[in-house]
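Heads up, the thing below is written out as structure tokens.
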Amino acid sequence: MFLSVVIPTYNRLPILRKCLLALEDQQLAAPITGYEVVLVDDGSTDATLSWLADHAAALPHLRLIRQEHGGPAAARNRGVQGARGDVIVFIDSDLVVTPSFLSCHAQALQRHWSRPGHRPCFTYGAVINTANFDHPTGEPHKLRDLSFAYFATGNVAIERQLLERAGLFDTRFRLYGWEDLELGERLRRLGVVLVRCPEAVGYHWHPALRLEQIPDLIRVERERAKMGLVFFLKHPTLRVRFIVQYTWLHLLLWELLTLGGLLNERSLRPLLAWLIRVGQAAMAMELLRLPLNRLGVRSLFAEARILAATKVQSSPI
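Take any residue in the sequence shown, count from 1 to its spot, add 2: that is its number in this note's numbering.
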């Protein structure tokens, strides 16, 4: 089994360095015969390319593909198309893996394939969120690290031919979010089975919340809303409605939990600042998720109204 680890990256050099060095430190075991790391630089403007050139000797498994900035869906497609492996492992460029990471994915796939009457499958590893940049793999597993997603490209391994049958990623997802879950819907319809592989551990680093991040987090929620509508219009099912929270139930839920918007990023700012100051940035982020979720759901409904109005205006009289 030859593995191709496909990683899109865009201006993530500090954590990308840790990501790539961890992948060079893999302890391989059967059935792996070899692996490569296919890094797709999505038009980075930081020092990513110069650092990669300066450290090529320390990254013997690395293959670099460059493209103009087009988003993670296009980048992952380029990576798959340029990969040599029969199994594709997707991770993000802010994920730091353990030395047994690739072997755990490969062995879990092999075990499933060896069962009588096995079905097409992919393995889904564990993702542990951490803000510890110096020692990301020292973070313990937490309840909020649990994910119920079916297919998320932060940590999965899948046969290349299954991806090609499903049609790879939809490049209309140019902004943040949903391109992996949308591909997951197509994989589900092909009967592809999710195989949990908690021993394949990746540590997802993101900086601890700072108040200066709030405008960017708001932008991301609005982008997620736009892409969520693209997802639903492609798969207009009740399941996808609930995934992207495009229901009146979700709208009511977040209105209630934020007291109709009284709890928002402005009114919560003093409390958030205090929590950050006393070392509870993670709790501050969880609190901030309340107004962010309300904003995301309201933005999704607003995008749908704009689209409906556009269709009415463009329809012949």
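From the three backbone atoms N, C-alpha and C, an ideal C-beta is built for every residue, glycine too.
{"Asked": "The segment 134–146 touching the segment 41–61, judged by at least three CB pairs closer than 8 Å", "Found": "no"}
{"Asked": "Rounded C-alpha distance that separates LEU274 from ARG117", "Found": "51 Å"}
{"Asked": "Distance CB(GLY230)-CB(TYR248) smaller than 8 Å", "Found": "yes"}
{"Asked": "Other residues of its chain near SER95: CB distance less than 6 Å, five sequence neighbours each side excluded", "Found": "ILE9, THR11, ARG14, LEU18 and CYS21"}
{"Asked": "Among VAL194, ARG174, LEU183 and LEU64, nearest to TRP115 - alpha-carbon criterion", "Found": "VAL194"}
{"Asked": "The segment 295–304 / the segment 215–234 touching (three or more Cβ pairs under 8 Å)", "Found": "yes"}
{"Asked": "Three-way DSSP call (helix, strand, coil) for GLY127 in this model", "Found": "strand"}
{"Asked": "Buried versus exposed call for ASP27 [16 or more other C-beta atoms within 10 Å across all chains shown]", "Found": "exposed"}
{"Asked": "Distance, GLU187 Cα to LYS253 Cα", "Found": "Per the sequence shown, the amino acid found at residue 253 is Leu instead of Lys. Their Cα atoms are separated by approximately 24 Å."}
{"Asked": "Simplified DSSP assignment, three categories, for ARG268", "Found": "coil"}
{"Asked": "Secondary structure, alpha helix (DSSP H): runs of 4+ residues fully inside the segment 218–265", "Found": "240–246 and 250–259"}
{"Asked": "Per DSSP, the bridge partner or partners of CYS106", "Found": "According to DSSP, which records beta bridges pairwise, CYS106 is partnered with nothing at all."}
{"Asked": "Distance between GLN315 and ALA284 (C-alpha atoms, nearest Å)", "Found": "46 Å"}
{"Asked": "Cβ-based neighbour list, LEU165, same chain, cut-off 7 Å, excluding 5 preceding and 5 following", "Found": "VAL82 and ILE90"}
{"Asked": "CB-CB length for GLY45 against PHE175, believed under 8 Å", "Found": "Actually they do not touch by this definition, with Cβ atoms about 16 Å apart."}
{"Asked": "C-alpha gap between VAL40 and ARG65, whole angstroms", "Found": "5 Å"}
{"Asked": "Residue environment, PRO293, which counts as buried when at least 16 other CB atoms sit within 10 Å", "Found": "buried"}
{"Asked": "8 Å Cβ cutoff met for GLU267 and ARG296", "Found": "no"}
{"Asked": "Environment of PHE233 [buried if 16+ CB atoms lie within 10 Å]", "Found": "buried"}
{"Asked": "Any 3 or more C-beta pairs closer than 8 Å across the segment 167–185 and the segment 101–114", "Found": "no"}
{"Asked": "Selected residue, minimal CA-CA separation from GLU214, among GLU201, LEU23 and MET287", "Found": "MET287"}
{"Asked": "With 16 other Cβ atoms within 10 Å as the buried cut-off, status of HIS143", "Found": "exposed"}
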